[in-house]
Structure formats: structure tokens, C-alpha cells
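Visitor:
Numbering (our numbering), first residue to last: 358 to 660.
(1) Hey, out of 474, 494, 445, whose CA is closest to residue 483's CA?
(2) Looking only at C-alpha atoms, which of 624, 599, 629 sits nearest to residue 322?
(3) What are the boundary residues of the beta strand (DSSP E) that includes residue 483?
(4) Of the choices 635, 596, 430, 546, whose alpha-carbon is the least far from that of residue 620?
(5) Would you report the Cα separation of residue 485 and residue 449, rounded to the nearest angstrom?
(6) Near residue 487, what residues of its chain come up, given a Cβ to Cβ distance below 6 Å and the 5 sequence neighbours on each side ignored?
(7) In angstroms, rounded to a whole number, what distance separates the CA positions of residue 585 and residue 459?
(8) Per DSSP, residue 448 forms a beta bridge with which residues?
(9) Are the beta-carbon atoms belonging to residue 522 and residue 507 less than 8 Å from one another?
(10) Taking 8 Å as the threshold (C-beta atoms), are residue 604 and residue 587 in contact?
(11) Please confirm whether residue 392 and residue 472 have their CB atoms less than 8 Å apart.
(12) With respect to the alpha helix (DSSP H) encompassing residue 437, which residues constitute its N-terminal and C-terminal limits?
(13) CA-CA distance, residue 662 and residue 568?
Pasting the structure below:
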């Protein structure tokens, strides 16, 4: 990116890594295809579902074979199953999102280490939500040359529209990326905005703390609603299951003026995701959710 040295220098100071191992781009998902092209074309790419959809899409574009390795029922990483799959011939790349989207759970660094210790494949850990919780894999960078970490300004720093992401790895991986990445990928205005955000990061991270507090209160409130199963979250949203099909509940809430995300699908039956809002918003959501669930119970005659 043109004149990105100042941003890279500030990023080196924020997570504490060498500037030679940092690459900036237009959102962290811009790195997915450029990582797959040199490292995974013609090989297998391991993706533990439910994942961020672009991992699979870009794997297919790159001519790789996406292989889904299921997580456990509580959505934690099944390390032994993952290692078994990674040991298969032609496994070139492994994607792990931590905290995971849409389930919100973080993968312990020790689990990541157990996978890295068993494979030569490139391991890409997507830390888009890391400011909200979970352990960063940055301490593992010095130990494992096959580790790549993706980060973004879109979540904790509220810059989704300006598209700024960055990649952390050993400089050898960065050099490979330079062969396939666009030379002028990140505009000067977005870079300047990212530098301003980093300069004032204490204020942004203070706001993140408030979101974490709100998440705890919202999670407790959801847990108190009969029939609602809440999953632990290290992100700025909460993943939960309800006794009612997600599409129906989603529509019922929309009618009440509440918009949340229906994330139901194979293995995610009756599942929804709610973003942690302001205190009043969280309270309105909980009130409306109780209302529509009680209404549905009344209709079906369930107690």
C-alpha cells in the first residue's frame, strides 16, 4: 500500500510484532485468497464449521479442496480430530476463527499450539474479534513459521466501511504474499483513519470494556429465559438457541422492531446471534424476546 510505513510502524507497537512481519490490506478478508493461491492451490484446506463463509468460497476459487472438520457439540475445537485430518497428504492450510463467528467462542492458545506442533500446513488464525475476548496467538509467532494471524479495524474500532485489516506472520510468509497481492490495495484516507484510531486506542478499548460488561449482563438475561440455551461468548455478540425455529423468531422480533441475525443451518438448528448493544437496547431485546416466546408458547399450548 502506498506510504503504509507509518501505519505498519504503529501496528508493530500495538500488538508488539516486527514490522517485517506485518502487511496491511483492505479488510482482513482481502488476505484470504492471496494466502490460498501460493500456499494451498491443488491441496486440501481444513475448515472447522461453522466458519466465516469466505474461507470456503475463496478455497474453491483458489483451486483447493475445502475439508470440513466438525467441532464438538459445544463448538469447541476437536484438536485430535483436526490433527488427524491435517495429517492427511496434501493438507496445505488450516483456518481457525477465534473468537469464532457466529458461535462467539474463543479457542485456547494451547489448542492452537497442539495443532501447530503436529502440522507443516500454514495455519491461519482469524482474530477479527480478539479485542473483545480470548487469547491472542501473537506469542506463538516467534515459535512457528507456519502461523499467520489476521486482524481487522472493522469490529472493535468501528471502521467496517473503511476496510482496513492487517496480517501478522514471519516475514517469509509476507514475502510470498507480495507476489500475489495488489500493490496499491489500501487507500491513503483509510490508512490515516487507522493511524488516528491507533493513536486514540485507549478510548476505543475503554468502549470495548463497556461492551464486554454489557455482554455479561445480556448473557445472564438470556440464560434466565426458559428454553433459551446460551453459549459462552468472547466476541461482541451472543450466540443462542431457542425452542422456536430461528426464522420464525427472527420474523416475530422484526415485527416488534428488533433486528438480530438468524444463523441457523446444518448443525445450527434454531440458532440466532444478537450483537451486544447499549444497555437500553439490550433490555428492550430481552423484553421483546420474552414476549414473542411467551406468545409462541401460548399458541402451541406448551408449558
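Here a beta-carbon is modelled for each residue, glycine too, at the ideal position from N, C-alpha and C.
Guide: Let me lay it out:
(1) 494
(2) As shown, the chain starts at 358 and ends at 660. That puts residue 322 outside it, with no answer to give.
(3) 479 to 483
(4) 596
(5) 22 Å
(6) 493
(7) 17 Å
(8) 401
(9) yes
(10) no
(11) no
(12) 436 to 443
(13) Because the chain is modelled from 358 through 660, residue 662 falls outside the range shown and cannot be assessed.
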